[in-house]
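>
Number of protein chains: 2
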Amino acid sequence: MSDPSLSIGALSRETGVKVPTIRFYESIGLLPAADRTASDRRVYDRRAVQRLAFVRHARDLGFPVEAVRSLLELADHPERSCADADRLAAEHLAEVERKIGQLEALRAELARVTAQCARGKVADCRVIEVLSDHSLCLTPDHHQDRHHQDRHH
Amino acid sequence: MSDPSLSIGALSRETGVKVPTIRFYESIGLLPAADRTASDRRVYDRRAVQRLAFVRHARDLGFPVEAVRSLLELADHPERSCADADRLAAEHLAEVERKIGQLEALRAELARVTAQCARGKVADCRVIEVLSDHSLCLTPDHHQDRHHQDRHH
DNA sequence: GTGCATCCTCTAGCGACTAGAGGATCAAGC
DNA sequence: GCTTGATCCTCTAGTCGCTAGAGGATGCAC
Numbered sequence: 348m349s350d351p352s353l354s355i356g357a358l359s360r361e362t363g364v365k366v367p368t369i370r371f372y373e374s375i376g377l378l379p380a381a382d383r384t385a386s387d388r389r390v391y392d393r394r395a396v397q398r399l400a401f402v403r404h405a406r407d408l409g410f411p412v413e414a415v416r417s418l419l420e421l422a423d424h425p426e427r428s429c430a431d432a433d434r435l436a437a438e439h440l441a442e443v444e445r446k447i448g449q450l451e452a453l454r455a456e457l458a459r460v461t462a463q464c465a466r467g468k469v470a471d472c473r474v475i476e477v478l479s480d481h482s483l484c485l486t487p488d489h490h491q492d493r494h495h496q497d498r499h500h
Numbered sequence: 348m349s350d351p352s353l354s355i356g357a358l359s360r361e362t363g364v365k366v367p368t369i370r371f372y373e374s375i376g377l378l379p380a381a382d383r384t385a386s387d388r389r390v391y392d393r394r395a396v397q398r399l400a401f402v403r404h405a406r407d408l409g410f411p412v413e414a415v416r417s418l419l420e421l422a423d424h425p426e427r428s429c430a431d432a433d434r435l436a437a438e439h440l441a442e443v444e445r446k447i448g449q450l451e452a453l454r455a456e457l458a459r460v461t462a463q464c465a466r467g468k469v470a471d472c473r474v475i476e477v478l479s480d481h482s483l484c485l486t487p488d489h490h491q492d493r494h495h496q497d498r499h500h
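Going down the list, the sequences are from chains A and B. Numbering-wise (our numbering), the first sequence opens with residue 348 and increments by one. Numbering-wise (our numbering), the second sequence opens with residue 348 and increments by one.
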């Protein structure tokens, strides 16, 4: 069982990555172009499973695709210093911590506002009132940023 | 000074929402179509400032655009029950808490991995090793989801 | 009248996929 | 051999919430 040769569907089942996503990863060069059968179907081996699992894992951990590309590059060169891998992970960690901080500020604000809702008419609604008047906020600088990456199930 | 009549640039300065974003909000119907001068420039009044500030505030708090639309609708009808507003805020709060939980799991994993990095060669790198082998993870179910909304700057 | 700031509309791009059209191929059952 | 349904192929467009830029008109100060 050294080279069982998988179809894209089988690779998808083994790694939990959807078929169109595998093709997408190939198209952006995250995975090498797969070998093909005579009828143009993609064929994969065990190494492809490893590589895709690595990609999925890194994406699950929230690394942006460009970081995944760099990490793959590093994984392919075990003799190099791992300083870059360490730096990428540390940067990503800092980014995650920043986002947690922002979300916690939001949570505090939302929790406060919903707790104060008297469940009456909109005219007296604390939720609407606070939205209408920023100065009622605890932390007046709640900004979040876009430009980020998430994984869903 | 009841109706000073603002240009889109002035409205932008007053609310901190960029000019193209204001036009974008109008195009998706979050803001009503502005009145125009003879030369087709948009003209705004104080009510527009209020409405846009409301939108910006809700977006800063991370409400998705569709939720903002509903909240605006509610704010326009003060006699209605605020149950919907309360529900939207509570749902959003739950979503924020879910994301915080996911990010905290990620943080733990990333912190653990980077702390274990011996800063040597890639061959011995804990970061690469963990990415290559999911079973080395503390929490094997770190999934994040896309499909969400953030604010930046 | 001469700049330059501001405005207009329109289109395309971001990240990381996801969904769907329209068509070819395969494997299994009869 | 034939049919059926799953799987595969490529390609395009859509998602979200903007942002950037082209190409052109207008307004206002000097």
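For each residue, glycine too, the CB sits at the ideal point set by N, CA and C.
#1: In the DSSP assignment, find the unbroken alpha helix (DSSP H) run with I475/A in it and report its ends.
#2: Note down, in chain order, every chain A residue with its Cβ under 7 Å from the Cβ of D433/B.
#3: For R427/B, go through chain A and note every residue whose CB falls closer than 8 Å to its CB, in chain order.
#4: Please classify A405/B as buried or exposed, where buried requires at least 16 other C-beta atoms within 10 Å of its C-beta.
#5: Would you report the Cα separation of V469/B and V390/A, rounded to the nearest angstrom?
#6: Here's the rule I'm using: 16 or more other beta-carbon atoms within 10 Å means buried, otherwise exposed. How should T362/A be labelled?
#7: Just by C-beta distance, which residues in the segment 365-387 of chain A are closer than 9 Å to chain B?
#8: Taking only the alpha-carbon atoms, compute the straight-line gap between T384/B and R416/B and give it to the nearest angstrom.
#9: Under a CB-based cut-off of 8 Å, is A357/A close to chain B?
#10: As an exercise, report each continuous alpha helix (DSSP H) stretch of at least 4 residues that is fully enclosed by the segment 419-480 of chain A, in chain order.
#11: At what residues does the alpha helix (DSSP H) containing S374/A begin and finish?
#12: Counting only Cβ pairs nearer than 8 Å, list the residues of chain B close to L408/A.
#13: If you run the structure through DSSP and keep just helix, strand and coil, what is D392/B?
#14: If you follow the alpha helix (DSSP H) that L358/B is part of, which residue opens it and which one closes it?
#15: Quick check: is the beta carbon of V323/B nearer than 8 Å to any beta carbon in chain A?
#16: Any idea what DSSP makes of P351/B, helix, strand or coil?
#17: What does L542/B reach in chain A if we use C-beta pairs closer than 7 Å?
#18: Against chain B, with Cβ distances strictly below 8 Å, would A414/A count as a contact?
#19: Taking 8 Å as the CB-CB cut-off, is L353/A touching chain B?
#20: For A436/B, which residues in chain A fall below 7 Å Cβ to Cβ?
#21: So with Cβ pairs under 8 Å, would you call A395/A a contact of chain B?
#22: Can you have a look at R473/B and say buried or exposed, based on whether 16 or more other CB atoms are within 10 angstroms of its CB?
#23: Can we say the segment 412-427 of chain A touches the segment 456-464 of chain B, given the rule of at least three CB pairs closer than 8 Å?
#24: Could you give the DSSP three-state label for D407/B: helix, strand or coil?
#25: Measuring only the C-alpha atoms, how far is L353/B from P411/B?
#26: Among A455/B, S479/B and L358/B, whose alpha-carbon lies nearest the alpha-carbon of R393/B?
The structure says:
#1: In this chain, the alpha helix (DSSP H) harbouring I475/A covers R473 to S479.
#2: By Cβ distance, chain A contributes T461, C464, R466 and V474.
#3: Near R427/B (Cβ distances below 8 Å), the residues of chain A are K468 and V469.
#4: Buried.
#5: A straight line joining the alpha-carbon of V469/B with that of V390/A spans about 29 Å.
#6: Per the 10 Å Cβ criterion, buried.
#7: Within the segment 365-387 of chain A, no residue has a Cβ that lies closer than 9 Å to any Cβ of chain B.
#8: Answer to the nearest angstrom: the Cα atoms are 27 Å apart.
#9: The Cβ of A357/A sits no closer than 8 Å to any Cβ of chain B.
#10: Entirely contained in the segment 419-480 of chain A, the alpha helix (DSSP H) runs reaching 4 residues are, in chain order, 430-462 and 473-479.
#11: If you look at S374/A, you'll find it in the alpha helix (DSSP H) that goes V366 to S374.
#12: Against L408/A, the close residues of chain B are L453, E456, L457, L478 and H489, in the order they occur along the chain (beta-carbon pairs closer than 8 Å).
#13: Coil at D392/B, not helix or strand.
#14: Boundaries of the alpha helix (DSSP H) harbouring L358/B: I355 to T362, taken from the DSSP string.
#15: Any answer about residue 323/B is impossible in this case: the structure gives chain B only from 348 up to 500.
#16: If DSSP states are grouped into helix, strand and coil, P351/B belongs with coil.
#17: There is no way to answer for residue 542/B, as the model of chain B reaches only from 348 to 500.
#18: Not flagged as an interface residue toward chain B: A414/A, since no C-beta distance is shorter than 8 Å.
#19: No, its Cβ sits nowhere closer than 8 Å to a Cβ of chain B.
#20: Within 7 Å Cβ-Cβ: L457, V460, T461 and V474.
#21: False, the Cβ-Cβ gap to chain B never drops below 8 Å.
#22: Taking every protein chain shown into account, the CB of R473/B has 16 or more other CB atoms within 10 angstroms, so this residue is buried.
#23: Contact between the segment 412-427 of chain A and the segment 456-464 of chain B is absent, because fewer than three Cβ pairs lie under 8 Å.
#24: Three-state DSSP puts D407/B in a helix.
#25: Cα to Cα, the separation comes out at about 27 Å.
#26: Comparing Cα-Cα distances from R393/B to each of A455/B, S479/B and L358/B, the minimum goes to L358/B.
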